[in-house]
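In what follows, a structure is listed as C-alpha cells, so that the remarks can point back to it.
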Amino acid sequence: HSYDIKQIYVKRKETIERVFADAKEKHGMRWTTLRGLKKLSMQAMLTFAAMNLKKLATWTWQVA
Numbered sequence: 006h007s008y009d010i011k012q013i014y015v016k017r018k019e020t021i022e023r024v025f026a027d028a029k030e031k032h033g034m035r036w037t038t039l040r041g042l043k044k045l046s047m048q049a050m051l052t053f054a055a056m057n058l059k060k061l062a063t064w065t066w067q068v069a
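So the sequence shown is numbered by this note's numbering: it starts at 6 and just counts up by one.
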C-alpha cells in the first residue's frame, strides 16, 4: 500500500469506525430483539439520529 492509502485508513479508523463502535457499546446496537429488515432499519435510523442529536447538543453547548 502506498502512503496515501495508509493515511485514508488511519482517518477512517479514527472517524467512521469510532461511530459504529459507539453505537454498539453505548446505544445497544450489538444485538437486537427485532426481526425483519424494516424494523431493524428503523432501529438503526433512530439510533443514529439520537447519536447525531447528542453531537449537536454537545457542539451547541461548547459554542455558547
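The C-beta atom is built at its ideal place from N, Cα and C for all residues, glycine as well. Since the model is a prediction, treat every value here as computed from it, not as a measurement.
For residue i, which of helix, strand or coil comes out of DSSP?
| i | result |
| --- | --- |
| Leu51 | helix |
| Arg40 | coil |
| Thr63 | helix |
| Met56 | helix |
| Arg35 | coil |
| Ser7 | coil |
| Ala26 | helix |
In chain order, what residues of the same chain lie with their CB nearer than 7 Å to the CB of residue i, ignoring the 5 residues before and after it?
| i | result |
| --- | --- |
| Gln48 | Thr37 and Leu39 |
Just checking my contact of residue i with residue j at CB under 8 Å: how many whole Å lie between their CB atoms?
| i | j | result |
| --- | --- | --- |
| Arg35 | Lys29 | 5 Å |
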